[in-house]
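Data first, discussion second: the structure below is written as structure tokens.
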Amino acid sequence: MTLDKDDVKEAVKAYLVSRESKDERKEVFKQAITEYLNAQFAEVGKWSLRGLLVMLVVGILYLFAKAKGIL
882 MTLDKDDVKE
892 AVKAYLVSRE
902 SKDERKEVFK
912 QAITEYLNAQ
922 FAEVGKWSLR
932 GLLVMLVVGI
942 LYLFAKAKGI
952 L
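The numbering used here numbers the first residue of the sequence shown as 882 and each following residue consecutively.
Rendered as structure tokens:
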């Protein structure tokens, strides 16, 4: 059985218009956004307030040691 270009176009149109496919696409889109946001929140977690405070304290200690001639 061979399909010509028009048959494929009609099948794609029918899929895009059907209610079931809309729900499927909606669910896939929700999952994709959720995964993306989870990845972004994980990335932001690296730069959390606690991490920034630790870097600030280390920076202050470095500057203090540099000023006193320890380093």
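The beta carbon of each residue, even a glycine, is placed where N, CA and C say it ideally should be. All of these numbers come straight from a predicted model, not from anything done at the bench.
L937 places its beta carbon 8 Å or farther from that of A946. In the three-state reduction of the DSSP assignment, L897 falls in the helix class, which pools H, G and I. A direct Cα-to-Cα measurement between T915 and K949 gives close to 50 Å.
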